[in-house]
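S.K.: For any residue, its number in the numbering used here is found by taking its place in the sequence shown, counting from 1, and adding 2.
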Amino acid sequence: CIIPFGRGNSRSVPIGTIVEQVRTLVGHGIREVVLSGVDMTSYGADLPGQPRLGQMIRRVLANIPELPRLRLSSIDVAEIDKDLLHLISDEPRLMPHLHLSLQAGDDMILKRMKRRHSRDQAITFCDEVRSLRPDIVFGADLIAGFPTETDKMFEQSLDLIASCRLVHLHVFPFSPRPETPAARMPQVDRLLIKERAAALRDAGDAALA
Numbered sequence: 003c004i005i006p007f008g009r010g011n012s013r014s015v016p017i018g019t020i021v022e023q024v025r026t027l028v029g030h031g032i033r034e035v036v037l038s039g040v041d042m043t044s045y046g047a048d049l050p051g052q053p054r055l056g057q058m059i060r061r062v063l064a065n066i067p068e069l070p071r072l073r074l075s076s077i078d079v080a081e082i083d084k085d086l087l088h089l090i091s092d093e094p095r096l097m098p099h100l101h102l103s104l105q106a107g108d109d110m111i112l113k114r115m116k117r118r119h120s121r122d123q124a125i126t127f128c129d130e131v132r133s134l135r136p137d138i139v140f141g142a143d144l145i146a147g148f149p150t151e152t153d154k155m156f157e158q159s160l161d162l163i164a165s166c167r168l169v170h171l172h173v174f175p176f177s178p179r180p181e182t183p184a185a186r187m188p189q190v191d192r193l194l195i196k197e198r199a200a201a202l203r204d205a206g207d208a209a210l211a
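1) Using the C-alpha atoms, what's the distance from P16 back to Q57?
2) For E68 and L104, I'd like the C-alpha separation in whole angstroms.
3) By the three-class DSSP mapping on this structure, what secondary structure does I90 have?
4) Helix, strand or coil, according to DSSP, for I77 in the structure here?
5) Could you have a look at A146 and say whether DSSP puts it in helix, strand or coil?
6) What does the Cβ neighbour count give for Q158, buried or exposed, with the cut at 16 atoms within 10 Å?
7) Can you tell me which of the three DSSP states R203 falls into?
8) Can you tell me whether L193 is buried or exposed, with buried defined as 16 or more other CB within 10 angstroms of its CB?
9) Who are the Cβ neighbours of S75 in its own chain at under 8 Å, not counting the five residues just before and after it?
10) For R203, collect the residues of the same chain with a Cβ closer than 6 Å to its Cβ; drop the 5 residues on either side in sequence, then sort them by chain order.
11) Evaluate P53 with the Cβ neighbour count: other Cβ atoms within 10 Å of its Cβ, from every protein chain shown; 16 or more gives buried, anything less gives exposed.
12) Pick out the complete beta strand (DSSP E) segments inside the region 146 to 180, 3 residues or longer, and give them in chain order.
13) How about L160 and A199: are their beta carbons less than 7 Å apart?
14) Under the rule that 16 or more other beta-carbon atoms within 10 Å means buried, what is H119, buried or exposed?
15) For V36, does the three-state DSSP call read helix, strand or coil?
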């Protein structure tokens with residue numbers, strides 16, 4: 003992926019600043035706030051004391067009791083802290099929807115993508131969170147046709163939709179970006195990539211039926 007080269011290192015907004023920004027929004031009548039970022043679950047690593055995402059969310063909710071709903075954008079299943087899990091379980095104002103940055107369902111493809119999680123970790127995470135919050139639903143990002151992806155590897159991604167019970171998908175057909183390692187790997191045929199992307203979307207639609 004070329005994005006990390008363009009954006010540079012992650013930069014966390016201090017908790018106090020986030021609290022004030024959310025308070026301002028609520029003061030203007032906003033009833034639901036979405037916390038977003040390119041690497042949400044690494045929040046705080048560059049701040050003094052290295053607060054985690056769960057700690058930040060807890061502070062927001064504690065300091066702004068008049069906020070009815072707080073929602074998270076895309077998160078990485080490999081970096082979830084225990085405080086966040088407790089909030090998912092116990093805090094009704096934290097919306098029961100998580101969008102997961104999964105990308106693929108095959109461990110070798112995940113490794114070549116340099117993802118931090120495995121297939122089993124993704125499934126275990128969904129099962130654990132669902133046991134804490136039975137009404138939670140999951141969406142996910144999935145890439146079709148990453149270089150070297152075989153039919154068997156692709157089937158692992160298709161199967162992941164059912165294994166994690168994903169109900170909303172963002173499907174991205176792979177396209178090479180100059181000066182990235184993936185651009186130098188053996189490429190999947192473009193027509194096959196389109197077919198695989200369509201199959202993922204169809205599986206996602208079927209999960210909603």
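Cβ atoms here follow ideal geometry from the backbone N, Cα and C, with glycine treated the same way. On a predicted model such as this, the values are computed, not experimentally measured, just so you know.
M.R.: Considering the structure as presented:
1) Your numbering for residue 57 matches position 55 in the sequence shown. Your numbering for residue 16 matches position 14 in the sequence shown. Looking at the two C-alpha atoms, the distance is approximately 12 Å.
2) For the purposes of this step, residue 68 is identified with residue 66 of the sequence shown, where counting begins at 1. For the purposes of this step, residue 104 is identified with residue 102 of the sequence shown, where counting begins at 1. Between E68 and L104, the C-alpha separation is close to 33 Å.
3) Residue 90 sits at position 88 when you count from the first residue of the sequence shown. I90 falls in the helix class under three-state DSSP.
4) Counted from its first residue, the sequence shown places residue 77 at position 75. Secondary structure at I77: strand, using DSSP grouped into helix, strand and coil.
5) Within the sequence shown, the letter at position 144 stands for residue 146. Annotated three-state conformation of A146 is strand, per DSSP.
6) Taking the first residue of the sequence shown as 1, we reach residue 158 at position 156. Flag for Q158 reads buried.
7) Locating residue 203 in the sequence shown gives position 201, counting from the first residue. It is helical.
8) As a first step, residue 193 must be located in the sequence shown, where it is residue number 191. Exposed, by the Cβ-count rule.
9) Taking the sequence shown and counting its residues from 1, the one referred to as residue 75 is at position 73. Once the five neighbours on either side are set aside, the close Cβ partners of S75 are V36, L37, S38, G39, M42, H101.
10) Taking the sequence shown and counting its residues from 1, one reaches residue 203 at position 201. Answer for R203: V173, listed in chain order.
11) Here residue 53 refers to the residue found at position 51 when the sequence shown is read from its first residue. With at least 16 other beta carbons inside 10 angstroms of its own, P53 counts as buried.
12) Listed in chain order, they are 168 to 175.
13) Reading the sequence shown from its first residue, position 158 is the one you call residue 160. Reading the sequence shown from its first residue, position 197 is the one you call residue 199. Contact: no.
14) One-based indexing of the sequence shown puts residue 119 at position 117. Counting Cβ neighbours within 10 Å, H119 comes out buried, since at least 16 surround it.
15) Here residue 36 is taken as the residue at index 34 of the sequence shown, counted from 1. Three-state result, V36: strand.
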